[in-house]
């Protein structure tokens, strides 16, 4: 089996790169995917009631990059969507990120925008160094909101105490002194009108691209002749776990079809504290259709299952650098798992659009 370029993994990273290689360089590209479908974690489908279900949890496209938006717009129309998230704390729903309504609702106050800024100035901590997630959050919003909204959610999502996680995982906490309840503020925010899968199928519609689904690269690698390999799977698996396994967080979902028009007021509700799941997604909020049924997914994070995202703590990064140090001239690692980086869909696409081919 001969090809110019071999790409392992038909997720958004592999598909973006395949399209560029095929179109801009007129190279023959073979995409090998272990799953029975394309799209990776962006895969979606229509249920019998016409609801667009994101199989691996909510994926909201947002970017400030005109280049990224224009590239994807060649393959899809968009449904204009402003993502909103609520947090269930002590049985009540509060907007996230924290805004004026969150503060007044949780504290039972009647602060103005100026009062909110003054409140956080008073309660935020001043550690000598920002060494971890706890330091990073408390230095911005203080211990009360940290404990109520972030501490346990972080433990559930990462499987680590916030004190053990590097501060840059959570970066800067957006605090809004107004009532803006949008989760993102990027210039472009939308969902592909016909879904991510349909968009990616169009990206793959090129004479130079061939896709093998339900195929393990390891089982056919000796049959493939190519000049370069791009690998979007986990880097430790590629090297047969030579130095041991890199820790990843895994995500699983419990889907439920319910005979109600609406289960919750927004697409995503976070559960920081009392429940085993981290959040519940109701997918019908991602479209305009009206149905008498709805579909929800309860999301669980664990150490067991298929890798979803890296855990970039010190020891793990040290192990990753050992794998990264194995230099193979014709092998390039891409995406979250290949690069052992926690970054979003638009960041991955922007990176792959900017690299020289």
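Numbering (full-length UniProt numbering), first residue to last: 1 to 357. Positions of the beta carbon are idealized from the N, C-alpha and C atoms, including for glycine. All figures in this text were calculated on a predicted structure; none of them were measured in a lab.
Rounded straight-line distance, which links the Cα of residue j to that of residue i
i           : j           : result
residue 304 : residue 58  : 20 Å
residue 83  : residue 267 : 8 Å
residue 348 : residue 243 : 26 Å
residue 206 : residue 19  : 8 Å
residue 159 : residue 69  : 34 Å
residue 298 : residue 163 : 26 Å
residue 157 : residue 133 : 13 Å
residue 316 : residue 248 : 9 Å
residue 102 : residue 43  : 33 Å
residue 110 : residue 179 : 13 Å
residue 314 : residue 261 : 46 Å
residue 120 : residue 40  : 40 Å
residue 318 : residue 74  : 40 Å
residue 145 : residue 196 : 35 Å
residue 221 : residue 188 : 40 Å
residue 122 : residue 142 : 8 Å
residue 241 : residue 325 : 14 Å
residue 65  : residue 71  : 10 Å
residue 147 : residue 223 : 54 Å
residue 236 : residue 175 : 38 Å
residue 67  : residue 173 : 27 Å
residue 201 : residue 194 : 11 Å
residue 98  : residue 354 : 34 Å
residue 203 : residue 350 : 16 Å
residue 56  : residue 161 : 25 Å
Residues of its chain near residue i, where Cβ-Cβ distance is below 6 Å and the 5 sequence neighbours each way are ignored
i           : result
residue 359 : Past the edges of the chain, shown from 1 to 357, lies residue 359, and the structure says nothing about it.
residue 182 : 82
residue 238 : 231
residue 332 : 230
residue 302 : 250
residue 340 : 310 and 320
residue 37  : 43
residue 228 : 5 and 330
residue 214 : 36
residue 256 : 296
residue 186 : 62, 63 and 64
residue 212 : 32
Nonlocal neighbours in the same chain, by C-beta distance under 8 Å from residue i, ignoring five residues either side
i           : result
residue 342 : 169, 309, 310, 312 and 336
residue 86  : 93, 94, 95, 96, 264, 265, 266, 268, 269 and 270
residue 286 : 52, 54, 58, 79, 81, 191 and 267
residue 198 : 76 and 192
residue 357 : 20, 21, 24 and 25
residue 210 : 3, 28, 29, 30 and 31
residue 300 : 251, 252, 253, 254, 276, 277 and 278
residue 345 : 12, 42, 59 and 61
residue 322 : 243
residue 352 : 13, 16, 17, 20 and 334
residue 45  : 52, 53, 55, 195 and 197
7 Å Cβ shell around residue i - same chain, five flanking residues per side excluded
i           : result
residue 177 : 100, 113, 116 and 117
residue 232 : 8, 9, 11, 13, 14, 334, 335, 337 and 338
residue 306 : 250
residue 127 : 135 and 139
residue 273 : 89 and 152
Candidates the options, of which the one nearest residue i by Cα
i           : options               : result
residue 90  : 179, 64 and 149       : 149
residue 208 : 22, 16 and 279        : 22
residue 47  : 258, 351, 299 and 321 : 258
residue 28  : 74, 1 and 38          : 1
residue 282 : 72, 301, 253 and 200  : 253
residue 130 : 187, 25, 139 and 351  : 139
residue 218 : 30, 26 and 34         : 34
residue 279 : 345, 173, 184 and 154 : 154
residue 166 : 321, 36 and 136       : 136
residue 276 : 108, 17 and 152       : 152
residue 63  : 327, 326, 184 and 204 : 184
Quick check: the region 39 to 53 against the region 291 to 300, are there 3 or more CB pairs under 8 Å? yes
Report the residue ranges of all alpha helix (DSSP H) runs contained in full by the region 292 to 350; include only those spanning at least 4 residues, in chain order. 314 to 324 and 335 to 339
What beta strand (DSSP E) runs, 3 residues minimum, are completely inside the region 256 to 283? 268 to 270 and 279 to 282
Just list the alpha helix (DSSP H) runs in the region 86 to 138, keeping only unbroken ones of 4 residues or longer that don't cross its boundaries, in chain order. 100 to 107 and 113 to 123
Complete alpha helix (DSSP H) runs within the region 210 to 237 (minimum length 4 residues, chain order): 217 to 220
Segments of 4+ residues assigned as alpha helix (DSSP H) that fall wholly inside the region 60 to 90: 66 to 73
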